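Comments concern the structure below.
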C-alpha cells in the first residue's frame with residue numbers, strides 16, 4: 346500500500362521538486378541580470394550570460410551576448426569584457442581595454458556593475474514580500490520575526506535540548522495557566538510572564554489530548570537587549586501555533602515589504618557575523634537543505650514559496666558581500682584596492698581565487714554531509 350501511494354504521489358513530488366529548483370534558478374538569474382543591466386547601462390560588453398550547469402538546453406546570441414540555459418539551474422555568471430574571473434565563460438576578452446571594457450570605466454560605474462547582482466536580489470525580496478502581503482500572508486513560521494502574527498498558546502515546535510523538551514512537553518500541548526495565573530488564551534501574555542522568571546521553576550497547567558495536567562518546569566534563560574541594556578529573560582524555547590497574520594492594504598503592503606526585507610537583512614548579517622566571529626555554522630544550511638526547504642515551500646503554495654525565495658534572495662545578497670574573489674564582495678575589494686593604489690594584482694587575485702574555491706567547496710561538502718546525516722553516522726557532531 347505504501348509503495349502504491351509513493352508511486353501515485355511521485356509525479357506530484359517531481360513537479361514540486363522542479364518548481365523548487367526553478368525558483369532557485371530564478372534568483373540566480375535575477376542576480377546575474379543585475380550585473381548584466383548595469384554593464385549594458387555603462388556600455389560594457391558582455392560576451393556571455395549563462396544560467397545553470399550540465400547539458401546545455403538553449404543557447405542564442407542576441408546582440409553581442411550569447412545567452413545560454415543549462416539543465417540544472419543552480420549556478421550562473423555574466424562574462425564581463427575587461428574583467429578577468431575564473432570560471433566565467435571563455436574569458437577571451439578578459440584583457441580588453443577598449444571603449445566597451447570594464448577596465449577603463451570610472452570607479453563608481455565599476456561599483457554599480459559589481460553591486461548590481463546584490464541590489465537586484467534585495468529588490469526581488471522587497472517585491473516578493475510586498476506581493477505576499479497584498480495577496481494575504483499565509484500562517485508561516487517565516488513571518489514570526491516580523492511581529493505581525495498572533496499565536497495561540499499551543500505548542501507547535503519544540504527546540505532541541507530546550508526546557509520544554511527536558512520537561513517532556515509535547516507538540517499540541519495547550520498552556521492554560523502559569524503558577525495558577527490564567528493566561529487567557531494569549532501566547533503573548535504567556536511569553537511576558539515567562540520572561541519575568543529567568544531560570545526559575547514554574548508550574549505550567551496544560552491540556553493534553555483533552556486531559557488537564559500540571560508540569561513543574563525549570564525555565565531556560567536567554568539574554569536580549571532591552572532599552573539598550575542586556576537583560577535576561579525566561580523562556581520555554583518553543584514556538585506556538587500561529588492563529589492570525591495581520592492584513593495590509595495595497596500601499597501598506599509596500600511599506601511592510603520594505604520593513605520585512607530590512608529585518609531579514611539584519612538577521613542574515615548577524616548569522617554570517619556569527620559564522621566568522623563565533624565559528625558557528627549551526628544556522629547555515631547546505632545545498633540539499635536549501636533545495637529541500639524550497640520544495641517544501643512550493644508544496645505549501647505560491648505565497649509560502651515566495652517567502653522562501655525572498656529569504657534565499659537576501660541570503661544570496663549578503664553572501665556576495667563576503668570579500669572572497671569568487672564572490673562579488675571579493676571583486677569589489679580588489680577593484681577598490683587597485684583603484685586606490687593604482688596597481689593591478691592579477692596573480693595575487695588568481696591565487697586567492699583558487700584558495701577561495703577550495704574553501705567554498707569544502708564548506709559545501711561539509712554542509713551537504715551534515716544535511717544528509719552522514720556526519721552523525723561517522724560519529725561527528727555528537
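In the numbering used here, the protein residues as written are 346 to 727.
Don't be surprised by glycine CBs; every beta carbon is placed ideally from N, CA and C.
Since the structure is predicted, the reported quantities are computational estimates derived from the model, not experimental observations.
What is the DSSP secondary structure of residue i, counted as helix, strand or coil?
{"i": "residue 497", "result": "strand"}
{"i": "residue 443", "result": "coil"}
{"i": "residue 401", "result": "strand"}
{"i": "residue 631", "result": "Low confidence applies to residue 631: its pLDDT is 48, below 50, so where it sits in the model is not reliable, and the reading given next is rough at best. Three-state result, residue 631: coil."}
{"i": "residue 430", "result": "coil"}
{"i": "residue 423", "result": "strand"}
{"i": "residue 654", "result": "helix"}
{"i": "residue 363", "result": "helix"}
{"i": "residue 490", "result": "helix"}
{"i": "residue 556", "result": "strand"}
{"i": "residue 455", "result": "helix"}
Mind checking whether residue i and residue j have CB atoms under 9 Å apart?
{"i": "residue 609", "j": "residue 490", "result": "yes"}
{"i": "residue 457", "j": "residue 387", "result": "yes"}
{"i": "residue 508", "j": "residue 562", "result": "yes"}
{"i": "residue 370", "j": "residue 421", "result": "yes"}
{"i": "residue 536", "j": "residue 580", "result": "yes"}
{"i": "residue 494", "j": "residue 611", "result": "no"}
{"i": "residue 405", "j": "residue 441", "result": "no"}
{"i": "residue 681", "j": "residue 452", "result": "yes"}
{"i": "residue 541", "j": "residue 578", "result": "yes"}
{"i": "residue 658", "j": "residue 366", "result": "no"}
{"i": "residue 543", "j": "residue 525", "result": "no"}
{"i": "residue 455", "j": "residue 686", "result": "no"}
{"i": "residue 673", "j": "residue 460", "result": "yes"}
I believe residue i touches residue j by the beta-carbon criterion, under 8 Å. Please report the beta-carbon distance rounded to the nearest angstrom.
{"i": "residue 662", "j": "residue 473", "result": "That belief does not hold up - the Cβ atoms of residue 662 and residue 473 are roughly 13 Å apart, past 8 Å."}
{"i": "residue 485", "j": "residue 647", "result": "With a Cβ gap of about 12 Å, residue 485 and residue 647 do not count as contacting."}
{"i": "residue 613", "j": "residue 660", "result": "6 Å"}
{"i": "residue 415", "j": "residue 427", "result": "With a Cβ gap of about 25 Å, residue 415 and residue 427 do not count as contacting."}
{"i": "residue 465", "j": "residue 375", "result": "5 Å"}
{"i": "residue 471", "j": "residue 606", "result": "5 Å"}
{"i": "residue 475", "j": "residue 599", "result": "5 Å"}
{"i": "residue 436", "j": "residue 444", "result": "Not a contact, Cβ separation roughly 19 Å."}
Determine whether the Cβ of residue i lies closer than 9 Å to any Cβ atom of chain D.
{"i": "residue 528", "result": "The structure shown contains no chain D; it holds only a single protein chain."}
Using alpha carbons as the reference points, say which of the options lies closest to residue i.
{"i": "residue 363", "options": "585, 465, 417 and 617", "result": "417"}
{"i": "residue 618", "options": "401, 666, 585 and 601", "result": "666"}
{"i": "residue 564", "options": "574, 548, 553 and 557", "result": "548"}
{"i": "residue 383", "options": "419, 436, 450 and 407", "result": "450"}
{"i": "residue 602", "options": "685, 558 and 480", "result": "480"}
{"i": "residue 378", "options": "567, 394, 505 and 446", "result": "394"}
{"i": "residue 407", "options": "401, 396 and 392", "result": "392"}
{"i": "residue 585", "options": "593, 519, 461 and 510", "result": "519"}
{"i": "residue 588", "options": "672, 496 and 580", "result": "496"}
{"i": "residue 430", "options": "684, 525 and 679", "result": "679"}
{"i": "residue 700", "options": "671, 687 and 600", "result": "671"}
{"i": "residue 552", "options": "499, 463 and 546", "result": "499"}
{"i": "residue 396", "options": "410, 559, 687 and 419", "result": "419"}
{"i": "residue 438", "options": "461, 409, 685 and 462", "result": "409"}
{"i": "residue 488", "options": "604, 512 and 559", "result": "604"}
Report the partner residues of residue i according to the DSSP bridge assignment.
{"i": "residue 522", "result": "527 and 550"}
{"i": "residue 577", "result": "568"}
{"i": "residue 448", "result": "None; residue 448 has no bridge partner."}
{"i": "residue 583", "result": "503"}
{"i": "residue 394", "result": "412 and 423"}
{"i": "residue 589", "result": "495"}
{"i": "residue 561", "result": "548"}
{"i": "residue 417", "result": "398"}
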